[in-house]
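First comes the structure, then the notes that go with it.
2 protein chains.
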Amino acid sequence: MKPLLTLALGLTTAIASLSVVADEETEYAVETRQAVLHLVRWNFSPLVGMARDKVPYDAEKAQTHAARLHELMLMVPDAFAMDTRGYEGETEALDVIWENKDAFNEKLHNAIQASIALKAGAGDQEQLPKLVGAMGSSCGGCHDDFRVD
Amino acid sequence: MKPLLTLALGLTTAIASLSVVADEETEYAVETRQAVLHLVRWNFSPLVGMARDKVPYDAEKAQTHAARLHELMLMVPDAFAMDTRGYEGETEALDVIWENKDAFNEKLHNAIQASIALKAGAGDQEQLPKLVGAMGSSCGGCHDDFRVD
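Chains A and B, in that order, give the protein sequences. Residue numbering for the first sequence follows the working numbering, beginning at 1235 and increasing consecutively. Residue numbering for the second sequence follows the working numbering, beginning at 1235 and increasing consecutively.
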């Protein structure tokens, strides 16, 4: 085979391999943020249930869920670190997250603050509805702008 | 319509609705445990990288990953609380988990203990390979028996 053609084919193969790696990394990043947000909801739902008297209030459970929710919220910035614009699989994340990262980070900061307050007060049944409401609003504030409706 | 037929149809509809709810709950439980284990791996991988000198050791990062890994390990028992035997979707969890829950819980307990040791020692580069090795072995010990090969 002519050297230039060999080189060209080699390069094409290398680029294709890099592209597969990039796709796998993107897929992994998408799965990661979906996992974090799934577990945020998994821990937030029982707190909403208790706050609305749909399930009996249990101080210990409330504190465990609120502590886990907070730990998970701290993982959200890392989970959104990778810019996945152009990803063609299923995702609810809008491109505007990476087009306007400062605004995203500000909303995320608010949600993390709300999770700190919720963690601190989840052991107090009277405080719970207000704290859960504030957490829900801060989640919604981010979803409104940065997530598919 | 004859009352008995109406009753029978009503019951059938009710049972079908219950079945849909049960399916959704099972699906949610499967997604939840997959999310927990995805995030366990997400935090363990960089620790493995540092332990093997594939990525530069960074004490702060190592401690953060180890602390998160431990928090996530504490969620594993809850994530496996629901018996999902008979689930027809994609899962690597074997039925033996719920057939022999004590053995599963024992392996899980070992893995949680390993995560405590890893969290305590991740800030010490010299200790890291041994602690990561022990964590990996305890993960593997559970996967060998309870996860699809």
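Glycine included, C-beta positions come from ideal geometry on N, C-alpha and C. Predicted model, so just to flag it, every value in this text is computed and none were measured.
Please report the distance separating the alpha-carbon of residue i from that of residue j.
i: A/D1383; j: A/A1313; result: 20 Å
i: B/G1283; j: A/L1342; result: 29 Å
i: A/D1255; j: A/L1243; result: Reading off the sequence shown, one finds Val at residue 1255 of chain A, where the question assumed Asp. For A/V1255 and A/L1243, the distance between alpha carbons rounds to 18 Å.
i: B/L1308; j: A/A1354; result: 20 Å
i: B/I1331; j: B/E1324; result: 16 Å
i: B/A1293; j: B/P1280; result: 12 Å
i: A/L1190; j: A/A1351; result: Examination of residue 1190 of chain A is not possible in this model, given that chain A is present from 1235 through 1383 alone.
i: B/H1304; j: B/P1237; result: 58 Å
i: B/D1358; j: A/P1290; result: 44 Å
i: B/Q1268; j: A/L1239; result: 46 Å
i: A/K1364; j: A/F1380; result: 24 Å
i: A/T1247; j: A/L1241; result: 10 Å
i: B/A1356; j: A/A1348; result: 29 Å
i: A/Q1297; j: B/K1295; result: 27 Å
i: A/D1378; j: A/E1333; result: 16 Å
Around the Cβ of residue i, are there at least 16 other Cβ atoms within 10 angstroms (buried) or fewer (exposed)?
i: B/E1326; result: exposed
i: B/V1253; result: Residue identity check: residue 1253 of chain B is Ser in the sequence provided, not Val. So B/S1253 counts as exposed.
i: A/S1266; result: At residue 1266 of chain A the sequence reads Thr, which differs from the Ser that was named. Classification of A/T1266: buried, given that the 10 Å Cβ count is 16 or more.
i: B/N1196; result: No answer is possible for residue 1196 of chain B: it lies beyond the span of chain B, which begins at 1235 and ends at 1383.
i: B/R1302; result: buried
i: A/L1362; result: buried
Note down, in chain order, each residue of its chain lying with its Cβ closer than 7 Å to the Cβ of residue i, except the 5 sequence neighbours on either side.
i: A/V1264; result: T1318, Y1321, G1323, T1325
i: B/L1328; result: F1380, R1381, V1382
Just to confirm my understanding: we take residue i, look at its own chain, exclude 5 residues before and 5 after, and list those with CB closer than 8 Å. What are they?
i: A/M1316; result: E1259, T1260, A1263
i: A/A1345; result: M1307, V1310, M1369, S1372, C1373, G1375, C1376
i: B/L1273; result: R1302, L1306
i: B/G1367; result: A1285
Could you name the residues of the same chain whose beta carbon sits closer than 6 Å to that of residue i, not counting the 5 residues immediately before and after it, in chain order?
i: A/K1335; result: none
i: A/N1277; result: H1299, R1302, L1303
- Proximal residues, the segment 1266-1295 of chain A versus chain B, C-beta separation under 7 Å: Under the 7 Å Cβ criterion, the segment 1266-1295 of chain A contributes T1266, A1269, V1270, H1272, L1273, W1276.
- Got a sec: which bits of the segment 1302-1316 of chain B sit with their beta carbon under 7 Å from any beta carbon on chain A, in order along the chain? Contact residues of the segment 1302-1316 of chain B toward chain A are R1302, E1305, M1309 (C-beta to C-beta distance below 7 Å).
- Item | Contiguous alpha helix (DSSP H) assignments of at least 4 residues, all confined to the segment 1258-1320 of chain B | The alpha helix (DSSP H) runs of length 4 or more contained entirely in the segment 1258-1320 of chain B are, from start to end of the chain, 1293-1307, 1310-1313.
- Item | Segments assigned alpha helix (DSSP H), at least 4 residues, entirely inside the segment 1335-1367 of chain B | For the segment 1335-1367 of chain B, whole alpha helix (DSSP H) runs of length 4 or above, ordered along the chain, are 1335-1355.
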